[in-house]
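K.L.:
20 is the number of the first residue of the sequence shown in this note's numbering; add one for each residue after it. Glycine residues also receive a C-beta, built at the ideal position from the N, C-alpha and C atoms. This is the structure, below, for whatever I ask next.
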Amino acid sequence: MSGNLEFKNYRQEGRLFARRAMIAGFFVILLLLGIVGRMAYLQIIDHEHFTTLAQDNRVKLIPLPPTRGLIYDRQNRLLALNRPAFNLEIVPELVPDIGQTLEELNRLVGISDQDRERFHKLRRQKRRFESIPIKLDISQEEAALFAVNRHKFPGVSIKARLTRTYPMKEIMAHVVGYVGRISLKDLKSIDASNYAGTTYIGKTGVERSYEDILHGQVGMQEVEVNALGKAVRVLQETPPRPGRSLRLNVDADLQKVALDALGDVNGAVVAIDPRDGGVLALASKPGYDTNPFVEGISSRDYKALREDPNKPLYNRAVQGTYPPGSTIKPFMGLAGLELGFLDLKEKKYCPGFFQLPGHDHKYRDWKKGGHGPMDVDAAITQSCDVFFYQLAHEIGIDKLQQYLKQFHFGEKTGIDLIGESKGIRPSREWKRRRYKQVWFPGETVIIGIGQGSFQTTPLQLAAATAAIANGGHYHEPRLVAEVLDESTGEVTPEPGITHDIPVRDPSDWDKIREAMVHVVEGPRGTARKLKNEHYRIAGKTGTAQVFTVAQDAEYDEETVTKKMRDHALFIAYAPVEDPRIAVAVIVENGGHGGSTAAPVAKKVLDAWLLGSPGKASAGARP
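Rendered as structure tokens:
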């Protein structure tokens with residue numbers, strides 16, 4: 020039995036226990052030191068940071084969006100204004116279940132698929148604590164119904180907002196443009212902090228081009244909130260600085276006259292004051308209602324606008340490019356005189372066609388039998404093609420394109436509107452760069468009558484016509500006349516930019532202007548039906564081919580589809596003795612300039628200079 024006995028070494032076990040107790044005590048002390056150190060760090064070193072976090076549970080910074088500036092026409096009629104509206108908005112971080120909340124709101128006030136789509140799109144763009152609209156511009160009945168059930172919807176509230184509205188709709192659509200929701204693309208190009216709390220940003224037209232002026236400066240409000248995130252009192256406030264307003268040179272009545280004059284056809288009318296470059300009308304037809312874009316147009320409606328064959332979203336006045344046709348002939352004649360290739364009394368014979376030396380191809384005149392001997396006055400008055408075929412060939416493309424450049428053909432006019440087209444002023448370099456081909460003499464010939472690759476915008480034609488009217492002062496067109504600070508009453512004129520076109524001999528310009536007068540006033544002028552007893556008009560008709568007619572074929576307007584008919588153009592200024600308005604008109608597929616485009620211009624001139632009843636009478640001022 021002695022072999023089964025166990026003897027304990029109490030001394031050894033005591034030492035082992037003491038050793039383990041010391042190790043455990045060491046770890047306990049180490050942990051206590053860690054806790055004390057962390058508390059010291061939180062209480063002493065990082066005290067200010069956590070105090071701020073605690074304060075943020077009670078205090079919120081709320082951005083105060085500025086009131087957007089207004090837009091007026093030259094007679095102080097409102098073209099863009101801010102209308103009060105009530106929006107139903109959600110702060111995502113305060114809503115336990117957004118899906119369920121949306122369903123309950125739908126049963127209460129009705130939430131459309133478009134509302135949901137816009138909400139989820141904005142939710143991805145904004146931070147969780149920012150307020151996001153779920154239903155815009157709710158009615159008084161809906162507001163009252165929600166107010167009764169407000170306690171059921173934490174994080175949902177009604178916000179009073181200002182929404183943009185355009186009372187003249189399609190009449191000023193291509194001038195004023197519209198604002199829309201701030202997109203991810205917009206956020207990359209703006210100061211996001213200055214747009215905190217702001218829903219809209221200029222998308223097109225003046226709204227976009229003058230965004231910096233119209234928007235203003237955001238303010239900030241420091242408020243104390245309760246556990247539900249509801250503000251209970253304002254601690255501090257920095258008020259926003261409202262955007263400044265704009266007064267345009269455009270006259271809304273004249274704009275309407277221009278659109279009405281176009282009737283049911285597509286086209287554009289641009290009217291400019293030759294004295295300073297102020298744009299009096301910038302009409303493009305068809306137009307569209309800009310108001311649906313403010314709150315977010317539906318995908319279906321936007322698709323319908325984009326796929327409309329008449330392209331209502333397209334600003335023909337500024338972006339549309341067309342061959343200038345015979346409206347280029349006064350500028351061609353001026354180039355011939357100023358560059359020394361023409362004499363005032365020099366005549367060229369028109370047999371009805373022109374041929375380059377050594378070539379069989381015939382460049383035909385619109386008049387089969389020809390015009391006979393023509394000087395520059397008669398050639399412009401009767402729109403003789405052969406005269407300008409020959410003149411263009413003699414000048415050559417190099418000198419010709421350089422001279423036309425001074426009138427900003429193939430160049431942006433400098434108008435204060437984003438998205439202007441340059442058009443095309445053909446040259447050797449242009450063709451080499453675009454097509455990697457050499458320039459042919461025949462291409463110069465047809466440039467002489469504004470055909471071929473030559474492309475201009477109605478705005479370019481109007482600005483160039485204004486420069487002829489005022490004797491060589493090219494004023495860059497201006498839509499905005501003044502910037503207004505509504506809070507102080509301060510008015511700041513928008514400065515214009517002028518380029519003086521070199522004038523070698525003033526009599527050359529006088530001769531061209533006289534020829535343009537004969538187009539309307541002369542017995543053989545192509546726009547003689549515009550002659551009236553009230554004021555004298557200087558003008559030039561034009562017809563631009565949509566497709567090229569074969570050498571031995573004839574153009575028959577009756578058998579050609581409407582889309583393939585010639586464009587009708589007309590340029591003019593009046594009164595001749597003291598020009599106060601210059602006009603350019605393009606009627607797409609309208610046929611002849613004298614019969615289609617010229618009457619449109621006449622209605623615009625009458626409205627401005629004579630003050631037709633209920634129309635633009637402001638132009639009658641001295």
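Buried or exposed for Thr562, please, with buried defined as at least 16 other CB atoms from any protein chain shown within 10 angstroms of its CB.
P.N.:
Along the sequence shown, one-based indexing puts residue 562 at 543. Thr562 comes out buried.
K.L.:
Can you tell me whether Met9 is buried or exposed, with buried defined as 16 or more other CB within 10 angstroms of its CB?
P.N.:
This structure cannot speak to residue 9, because the chain is shown only from 20 to 641.
K.L.:
For Val395, tell me which candidate among Val606, Asn334, Asp529 and Gly612 has the shortest Cα-Cα distance.
P.N.:
What you label residue 395 is simply residue 376 of the sequence shown in a count that begins at 1. Closest option to Val395, Cα to Cα, is Asp529.
K.L.:
Exposed or buried, which one is Asp134 when buried takes at least 16 other CB atoms within 10 Å?
P.N.:
By 1-based counting over the sequence shown, the position of residue 134 is 115. The residue is buried, with at least 16 neighbouring Cβ atoms inside 10 Å.
K.L.:
Quick one: any contact between the region 47-58 and the region 197-209, if contact means 3 or more CB pairs under 8 Å?
P.N.:
Touching, no, given that fewer than three Cβ pairs across the two stretches are closer than 8 Å.
K.L.:
Quick one: is Ile63 buried, meaning 16 or more other Cβ sit within 10 Å of its Cβ, or exposed?
P.N.:
The count along the sequence shown starts at 1 and reaches residue 63 at position 44. Label assigned to Ile63: exposed.
K.L.:
Our contact map puts Leu480 next to Pro343 with C-beta atoms below 8 Å; I'd like the distance itself, whole angstroms only.
P.N.:
As a position in the sequence shown, residue 480 is number 461, starting the count at 1. As a position in the sequence shown, residue 343 is number 324, starting the count at 1. Confirmed, Cβ separation roughly 6 Å.
K.L.:
Under DSSP, the beta strand (DSSP E) around Val457 begins and ends at which residues?
P.N.:
As a position in the sequence shown, residue 457 is number 438, starting the count at 1. Careful: Val457 lies outside any beta strand (DSSP E) and carries neither H nor E.
K.L.:
Quick check on Gly118: buried or exposed, where buried means 16 or more other Cβ atoms within 10 Å of its Cβ?
P.N.:
As a working note, residue 118 is residue 99 in the sequence shown. So Gly118 counts as exposed.
K.L.:
How many Å lie between Gln94 and Arg146 at the Cα?
P.N.:
Counting from 1 along the sequence shown, the entry for residue 94 is found at position 75. Counting from 1 along the sequence shown, the entry for residue 146 is found at position 127. The straight-line gap from Cα to Cα measures roughly 43 Å.
K.L.:
Pairing CB atoms from the region 604-615 with CB atoms from the region 586-593, are three or more of them under 8 Å?
P.N.:
Flag = yes, the region 604-615 and the region 586-593 touch.
K.L.:
Counting only the same chain and skipping the five closest in sequence on each side, list residues whose C-beta sits under 8 Å from that of Glu256.
P.N.:
Looking up residue 256 in the sequence shown gives position 237. Result list for Glu256: Leu83, Gly238, Met239, Gln240 and Glu241, in chain order.
K.L.:
Name the DSSP beta bridge partners of Met239, please?
P.N.:
Position 220 of the sequence shown, counting from 1, holds the residue named residue 239. According to DSSP, which records beta bridges pairwise, Met239 is partnered with Pro82 and Thr257.
K.L.:
Here's the rule: buried if 16 or more other CB atoms are within 10 angstroms of the residue's CB, otherwise exposed. What is Phe459?
P.N.:
To locate residue 459, count along the sequence shown from 1; it is residue 440. The residue is exposed, with fewer than 16 neighbouring Cβ atoms inside 10 Å.
K.L.:
Quick check: the region 333-342 against the region 309-323, are at least 3 beta-carbon pairs closer than 8 Å?
P.N.:
Contact between the region 309-323 and the region 333-342 is absent, because fewer than three Cβ pairs lie under 8 Å.
K.L.:
Does the beta-carbon distance from Val464 to Ala411 come in below 7 Å?
P.N.:
In the sequence shown, residue 464 corresponds to position 445, counting from 1. In the sequence shown, residue 411 corresponds to position 392, counting from 1. Yes; because the gap between Cβ atoms is below 7 Å, this pair is in contact.
K.L.:
Please state whether the Cβ-Cβ distance between Pro293 and Ala488 is less than 7 Å.
P.N.:
Stepping through the sequence shown from its first residue, residue 293 is reached at position 274. Stepping through the sequence shown from its first residue, residue 488 is reached at position 469. Yes.
K.L.:
Indicate the three-state DSSP secondary structure (helix, strand or coil) for Pro618 in the structure shown.
P.N.:
If you number the sequence shown from 1, residue 618 lands on position 599. Helix at Pro618.
K.L.:
Beta-carbon within less than 6 Å of Lys178's beta-carbon, same chain only, minus the 5 sequence neighbours each way: which residues are those?
P.N.:
Numbered from its first residue, the sequence shown carries residue 178 at position 159. Asn106 and Glu108, listed in sequence order.
K.L.:
By the three-class DSSP mapping on this structure, what secondary structure does Leu301 have?
P.N.:
For the purposes of this step, residue 301 is taken as the residue at position 282 of the sequence shown. Note: Leu301 maps to strand in three-state DSSP.
K.L.:
Alpha carbon to alpha carbon, how far is Lys140 from Ala486? Give it in angstroms, no decimals.
P.N.:
The sequence position of residue 486 within the sequence shown is 467, counting from 1. The sequence position of residue 140 within the sequence shown is 121, counting from 1. The straight-line gap from Cα to Cα measures roughly 49 Å.
K.L.:
Measuring straight from C-alpha to C-alpha, what distance separates Arg200 and Tyr185?
P.N.:
In the sequence shown, the residue the question calls residue 200 occupies position 181. In the sequence shown, the residue the question calls residue 185 occupies position 166. Each residue's alpha carbon lies about 16 Å from the other.
K.L.:
May I ask you to list the residues that DSSP assigns as paired with Tyr219?
P.N.:
Position 200 of the sequence shown, counting from 1, holds the residue named residue 219. DSSP output for Tyr219 lists Arg200 as bridge partner(s).
K.L.:
Output needed for Glu540: all residues of its chain with C-beta closer than 8 Å, excluding positions within five of it in sequence on either side, in chain order.
P.N.:
Residue numbering aside, residue 540 sits at position 521 when the sequence shown is read from its first letter. Around Glu540: Arg547, Lys550, Arg555 and Ile556.
K.L.:
Terminal residues of the continuous alpha helix (DSSP H) containing Glu413?
P.N.:
In the sequence shown, counting from the first residue as 1, residue 413 sits at position 394. That run of the alpha helix (DSSP H) goes Asp404 to Ile414.
K.L.:
Using DSSP with H/G/I as helix, E/B as strand and the rest coil, what is Leu423?
P.N.:
The residue given as residue 423 occupies position 404 in the sequence shown. DSSP places Leu423 in helix when its eight states are reduced to three.
K.L.:
Buried or exposed for His390, please, with buried defined as at least 16 other CB atoms from any protein chain shown within 10 angstroms of its CB.
P.N.:
For the purposes of this step, residue 390 is taken as residue 371 along the sequence shown, with counting starting at 1. Buried is the call here.
K.L.:
Any heavy atom of the ligand FMN closer than 6 Å to the beta-carbon of Lys548?
P.N.:
Here there are no bound small molecules, and the ligand FMN is not part of this structure.
K.L.:
Determine the DSSP secondary structure at Gln570, reduced to helix, strand or coil.
P.N.:
Here the question's residue 570 lines up with position 551 in the sequence shown. Low confidence applies to Gln570: its pLDDT is 44, below 50, so where it sits in the model is not reliable, and the reading given next is rough at best. Coil at Gln570, not helix or strand.
K.L.:
Nearest-angstrom Cα distance between Tyr321 and Lys330?
P.N.:
For this step, residue 321 is matched to residue 302 along the sequence shown. For this step, residue 330 is matched to residue 311 along the sequence shown. Going from the Cα of Tyr321 to the Cα of Lys330 covers about 12 Å.
K.L.:
From Gly286 to Tyr341, what does the alpha carbon distance come to, in whole angstroms?
P.N.:
Position 267 of the sequence shown, counted from the first residue, corresponds to residue 286. Position 322 of the sequence shown, counted from the first residue, corresponds to residue 341. C-alpha separation (whole angstroms): 11 Å.
K.L.:
Since I believe Val269 is in contact with Val194 (beta carbons under 8 Å), could you give me their beta-carbon distance rounded to a whole number of angstroms?
P.N.:
Numbered from 1 along the sequence shown, position 175 holds the residue referred to as residue 194. Numbered from 1 along the sequence shown, position 250 holds the residue referred to as residue 269. At roughly 6 Å, the Cβ-Cβ gap stays under 8 Å, so Val194 and Val269 are in contact.
K.L.:
What are the residues that DSSP puts in a beta bridge with Ser264?
P.N.:
Here the question's residue 264 lines up with position 245 in the sequence shown. Bridge partners of Ser264: Leu503.
K.L.:
Whose C-beta lies closer than 7 Å to the C-beta of Leu273 among residues of the same chain, with five residues either side of it excluded?
P.N.:
The residue you call residue 273 lines up with position 254 of the sequence shown. Here the set comprises Ala290, Leu299, Ala300, Val623, Ala626, Trp627 and Ala635.
K.L.:
Check this for me: beta carbons of Pro392 and Lys366, under 7 Å apart or not?
P.N.:
Residue mapping note: residue 392 aligns to position 373 of the sequence shown, counting from 1. Residue mapping note: residue 366 aligns to position 347 of the sequence shown, counting from 1. Yes.
K.L.:
Taking the alpha helix (DSSP H) that His193 falls in, what are its first and last residues?
P.N.:
The residue given as residue 193 occupies position 174 in the sequence shown. Residues Ala192 to Val195.
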